[in-house]
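Just so you know, we're using the working numbering here: the sequence shown kicks off at 4 and counts up by one.
All residues carry an ideal CB built from backbone N, CA and C; glycine is no exception.
Keep in mind that this is a model prediction, so the values were computed, not measured.
Written below as structure tokens is the structure these notes are about.
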Amino acid sequence: MIVEVTDEVDRQAVPVYGPLMVDAAKAHGAFSADELELITRFIRVERELLAKHTARISALRAGGGRRTSSRANPA
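Pasting the structure below:
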């Protein structure tokens, strides 16, 4: 399926999202392409970790699971 934005949707979106897009372009301009790539990689890794542990915690809750003694050690 291919979804295309119609002119009407585009017209309605500009007042809502236009200011955000302008501000985001200004803010993102402070970063180099390499920095943005690094940030993107970091966010992908974090999303994978969150998905993994969300599933783990959901399974614990569903099964009335016990807490583990393993704790993160921020360094």
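(1) What's the gap between the Cα of I42 and the Cα of Y20?
(2) Look at the alpha carbon of E51 and the alpha carbon of R64, and state the distance between them as a whole number of angstroms.
(3) By how many angstroms is the C-alpha of R59 removed from the C-alpha of A27?
(4) Does A33 come out as helix, strand or coil in the three-state DSSP assignment?
(5) Pick helix, strand or coil for M24, following the three-state DSSP scheme.
Taking the definition as stated:
(1) Indexing the sequence shown from 1 puts residue 42 at position 39. Indexing the sequence shown from 1 puts residue 20 at position 17. I42 and Y20: Cα-Cα distance of roughly 23 angstroms.
(2) Here residue 51 corresponds to residue number 48 of the sequence shown, with the count starting at 1. Here residue 64 corresponds to residue number 61 of the sequence shown, with the count starting at 1. Approximately 20 angstroms between the Cα atoms of the pair.
(3) Counting from one through the sequence shown, the residue named residue 27 turns up at place 24. Counting from one through the sequence shown, the residue named residue 59 turns up at place 56. One C-alpha to the other measures close to 34 angstroms.
(4) The count along the sequence shown starts at 1 and reaches residue 33 at position 30. Correct three-state label for A33: coil.
(5) Working through the sequence shown from its first residue, we reach residue 24 at position 21. Reduced to three states, the DSSP call for M24 is helix.
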